[in-house]
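Numbering (the numbering used here), first residue to last: 24 to 147.
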């Protein structure tokens, strides 16, 4: 009876970061001329986020400055299928596929505040 032994090739530890950087470069648009449109879209999405925070989160009673700042900073529209991204900052849960939903923004902020998350902790 013969047993085949295979050796794994060792990959240089920096290879992961080189590949990750390449993927990021490709996905960022490679300077394809859409930068002005991307900046305009980024600005309009930030305006939507600020409105969401003011009208839903702060108005709903979330007072933790770190939670409020995080809700202003996180690009919620990037965590759902593009078909639902236009509704990302609405006051309702949205489908993210596979039978799952992302909670409405106020619920996310309220639960995060209730957890009293410390700066060195992460919440998924």
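Using N, Cα and C, we set each Cβ at its ideal position, and we do this for glycine too. As the structure is a computational prediction, the values presented were derived from the model and not from experiment.
Residue burial classification, residue i (beta-carbon count within 10 angstroms, cutoff 16)
{"i": "residue 121", "result": "exposed"}
{"i": "residue 101", "result": "exposed"}
{"i": "residue 128", "result": "buried"}
Residue i to residue j span [Cα, whole Å]
{"i": "residue 60", "j": "residue 137", "result": "Residue confidence is low: residue 60 scores 49 on pLDDT, short of 50, so the model does not pin down where it sits. No coordinate-derived value is stated."}
{"i": "residue 69", "j": "residue 98", "result": "8 Å"}
{"i": "residue 80", "j": "residue 126", "result": "13 Å"}
{"i": "residue 67", "j": "residue 144", "result": "30 Å"}
{"i": "residue 146", "j": "residue 140", "result": "8 Å"}
C-beta atoms of residue i and residue j nearer than 8 Å
{"i": "residue 112", "j": "residue 72", "result": "yes"}
{"i": "residue 76", "j": "residue 103", "result": "no"}
From the options, residue whose alpha carbon lies closest to that of residue i
{"i": "residue 91", "options": "66, 65, 74", "result": "74"}
Using 8 Å as the cut-off, can you tell me whether the region 110 to 126 makes contact with the region 85 to 95, which would need three or more C-beta pairs spanning the two stretches below that distance?
no
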